[in-house]
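K.L.:
Take a look at the following structure, please.
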Amino acid sequence: MTDLAEFSAAELLEGYAAGSFTPVDATEAALSRIEAQNAELNAFVLVDRESALDSAEASAARWKSGQTLGPGDGVPTSIKDMFITSGWPTLRGSTLIDDAGPWDADAPCVARLRDTGAVLLGKVSTPEFAWKGTTDSERFGATGNPWDPAMTAGGSSGGSSAAVGAGMGPWSVGTDAGGSVRIPAAFTGTVALKPTFGLVPMFPASPFGTLAHAGPMTRTVTDAAMLMDIITGFDSRDWAALPTPTTSFTDGLDQGVEGLRIAFSPTLGFGENDPEVERLVREAVDVLADQGAIVEEVDPGFADPVEPFHVLWFTGAAKVVAAYGPQALAKVDPGLRAGIERYADASAQDYLDATAVRMELGVLMGAFHQKYDLLVTPTMPITAFDRNRQAPEGWKSDLWTSWTPYTYPFNMTQQPAASVPCGVASDGLPVGLQFVAARTQDRLVLRASRAYEQAAGEQFVRPVTVPAAQGAG
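Set out below in structure tokens:
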């Protein structure tokens, strides 16, 4: 039997239905990958082997009797350690949090996964309070990349991307308030979607407020669409939750991009790319044009909103740290502390001014999408760097926003944005392609991502083919 750890969720479900193998087989395969590779990658911070196997056995019985619970029944799944999960501590990468609990509630996405019969393997790593674009913390250490464990998996959902990329379960759920599912997806050659804000309900509310989204992290676009079907839907605990979708996110997934109007912006007008990244992204855009998309190279026309983003970001971070007492700031990640201190004097007027910039950006992008169905950019201007660094060696700044210019603007606008792999650079590390659409047009983002996945073939990287212990080269 081919290693089930390399199967997509869709392939696993087909196999369960055909009786070719069971959820127990798939769960044991995922647990074997965790046992073999987690010491090196540090993706999982909690593994509940006994509970996972019990869930898998219950799922196998349901498949045998024809009484499955839903479209994720029996799929091995990991949960980012930002989501509260009944029975497991949620420590958010912080030494400030006592693991004693009580841990007696599920976040909405966790509850939906339980309801569908998914096999929950454990919790995966995050930087402290998910504050940055790499995944390392004082509490749990640094998370490595399946392509080369010495390199970062990105962040803040780096544990999810490393787990998915290494075959430790075919899908995970991450959070994204400034790029946190897309950054690690680009660095690990996986797929991630930041949905329209409110489409995936969140509880408790994120300290980063209305910047924060939750979304699927997978190895294929189809799996991302399938996972969206599970984790979306109204939840009264989230005041901003959108109504439950009435159609599947897999509907129309294979309709292609012919006739779609695509704006290609290689830098958004203010970024700068590694030449290898730009080459691979341009080749990917050519693939879209070959499939019938109407492509025009054009920038959306806004300046880098990084300073307004910082005001929103670090005032939110200050609020969450302050909840742990007056001495808490001295105990957090030094980079987080520096950012909070830098914006400690931000006033209500500063916050309102930042919000005004955000609103203007939303208006601009709304008008932009009247002309263009999709915006395509690199997800990241660089490939992954040393897992123990906060930025590439010699970079202009250690602050994570200095090397993620194409992600955080679309948290400010709350638009759907996906990252899909578009090849491997000469350093042996993957590159990501970002699709962005107008608010609520999540299916269009998935459809275009799927069209590229189908057309690109071998350039659509699947990292589980790369032994984690050996890297890519």
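Reminder that position 344 of the sequence shown reads as 344 in UniProt numbering, one-by-one numbering, no gaps.
Just so you know, even glycine gets a beta-carbon here, dropped at the ideal spot from N, CA and C.
Note that the coordinates shown come from a computational prediction; the quantities given were computed from them, not determined experimentally.
Is the CB-CB distance between Arg219 and Pro170 below 8 Å?
P.N.:
Yes, they are a contact pair.
K.L.:
Can you give the beta carbon distance from Ala192 to Met217, rounded, assuming they're within the 8 Å contact cut?
P.N.:
Contact holds; Cβ gap of about 5 Å.
K.L.:
May I ask you to list the residues that DSSP assigns as paired with Val47?
P.N.:
Paired residue(s): Gly122.
K.L.:
According to the Cβ coordinates, are Leu268 and Tyr372 closer than 8 Å?
P.N.:
Their beta carbons are not under 8 Å apart, which means Leu268 does not touch Tyr372 by this criterion.
K.L.:
Looking only at C-alpha atoms, which of Arg358, Pro204, Ser402, Phe187 sits nearest to Gly423?
P.N.:
Per the Cα distances, Phe187.
K.L.:
Identify every run of the alpha helix (DSSP H) within the segment 275-310, keeping only runs that are complete inside it and at least 4 residues long; order them along the chain.
P.N.:
The segment 275-310 contains these whole alpha helix (DSSP H) runs: 275-290.
K.L.:
Under the assumption that Leu329 contacts Arg337 (Cβ atoms under 8 Å), give the Cβ distance between them as a whole number of angstroms.
P.N.:
Rounded, the Cβ-Cβ distance is 6 Å, consistent with contact.
K.L.:
CB-CB under 7 Å to Gln291, same chain, minus the five flanking residues each way: which ones, in chain order?
P.N.:
Within the same chain, Gln291 has close Cβ partners Gly256, Val257, Glu258, Ala451, Ala455.
K.L.:
Looking at the structure shown, is Ile34 part of a helix, part of a strand, or coil, going by DSSP?
P.N.:
In this structure, Ile34 counts as helix in the three-state DSSP scheme.
K.L.:
Taking C-alpha atoms, which residue in Pro409, Gly87, Ala111, Ala417 lies nearest to Ile230?
P.N.:
Nearest of Pro409, Gly87, Ala111, Ala417 to Ile230, Cα basis: Ala111.
K.L.:
For Pro89, I'd like the list of residues in its chain whose CB is within less than 6 Å of its CB, leaving aside the five on either flank, ordered along the chain.
P.N.:
The answer, listed in chain order, is Asp99, Trp103.
K.L.:
Could you give the distance in angstroms between the alpha-carbon of Val119 and the alpha-carbon of Ser160?
P.N.:
Cα to Cα, Val119 sits roughly 15 Å from Ser160.
K.L.:
Look up Ile262 in the DSSP assignment and say whether it is helix, strand or coil.
P.N.:
The answer is strand: DSSP assigns Ile262 an E or B state.
K.L.:
Measure the alpha-carbon distance for Leu374 versus Phe368 and round it to whole angstroms.
P.N.:
The alpha-carbon atoms of Leu374 and Phe368 are separated by roughly 9 Å.
K.L.:
Output needed for Asp3: all residues of its chain with C-beta closer than 7 Å, excluding positions within five of it in sequence on either side, in chain order.
P.N.:
Ala29.
K.L.:
Counting Cβ pairs closer than 8 Å, one from the segment 394-406 and one from the segment 437-445, do we hit at least three?
P.N.:
Cβ pair count under 8 Å is below three, so no.
K.L.:
Using DSSP with H/G/I as helix, E/B as strand and the rest coil, what is Asn388?
P.N.:
Coil at Asn388, not helix or strand.
K.L.:
Where Ser8 and Ser65 are concerned, what is the direct C-alpha to C-alpha distance, given to the nearest angstrom?
P.N.:
Their Cα atoms are separated by approximately 23 Å.
K.L.:
My understanding is that Thr175 touches Ala212, with C-beta atoms under 8 Å, so please give their C-beta distance in whole angstroms.
P.N.:
Confirmed, about 6 Å.
K.L.:
Secondary structure at Phe435, three-state DSSP: helix, strand or coil?
P.N.:
Of the three classes helix, strand and coil, the one that applies to Phe435 here is strand, per DSSP.
K.L.:
For Ile97, which three-state DSSP category applies?
P.N.:
Residue state, collapsed to three classes: coil.
K.L.:
In angstroms with no decimal places, state the Cα-to-Cα distance between Leu31 and Ser55.
P.N.:
Rounded to the nearest angstrom, the two C-alpha atoms are 13 Å apart.
K.L.:
Could you check how far apart the C-beta atoms of Pro308 and Arg358 are, in whole angstroms? I think they sit under 8 Å.
P.N.:
About 6 Å; that satisfies the 8 Å criterion.
K.L.:
From this set, Ser86, Asn145, Arg182, which residue's C-alpha is nearest Phe410's C-alpha?
P.N.:
Checked all of Ser86, Asn145, Arg182; the closest Cα to Phe410 is Arg182.
K.L.:
On the criterion of 16 or more Cβ atoms from any shown chain inside 10 Å, does Gly215 qualify as buried, or is it exposed?
P.N.:
Result: buried.
K.L.:
Nearest-angstrom Cα distance between Lys194 and Tyr408?
P.N.:
C-alpha separation (whole angstroms): 11 Å.
K.L.:
Need the endpoints of the beta strand (DSSP E) that Ala192 sits in, please.
P.N.:
That run of the beta strand (DSSP E) goes 191-194.
K.L.:
Just verifying my parser: in three-state terms, what is the DSSP assignment at Asn411?
P.N.:
Asn411 falls in the helix class under three-state DSSP.
K.L.:
Do you know offhand how far Gly179's Cα is from Pro23's?
P.N.:
When rounded, the distance between both Cα atoms is 32 Å.
K.L.:
Roughly how many whole angstroms lie between the Cα atoms of Asp73 and Ala58?
P.N.:
If you take the alpha carbons of Asp73 and Ala58, they lie about 10 Å apart.
K.L.:
Would you mind sorting Glu14 into buried or exposed? The rule is 16 or more other CB atoms within 10 Å of its CB.
P.N.:
Under this definition Glu14 is an exposed residue.
K.L.:
Taking C-beta to C-beta, are Arg62 and Leu53 nearer than 8 Å?
P.N.:
No.
K.L.:
What's the C-alpha gap between Asp115 and Pro71?
P.N.:
Those two C-alpha atoms are separated by around 10 Å.
K.L.:
Can you name the start and end residues of the alpha helix (DSSP H) that Pro216 belongs to?
P.N.:
No alpha helix (DSSP H) contains Pro216, which is instead part of the beta strand (DSSP E) from 213-218.
K.L.:
Could you tell me if Asn42 is buried or exposed, where buried requires 16 or more neighbouring beta carbons within 10 angstroms of its beta carbon?
P.N.:
Asn42 is buried by the Cβ-count criterion.
K.L.:
Would you list the one or two residues that DSSP bridges to Lys80?
P.N.:
The partner list for Lys80 (beta bridge, DSSP) reads Val124.
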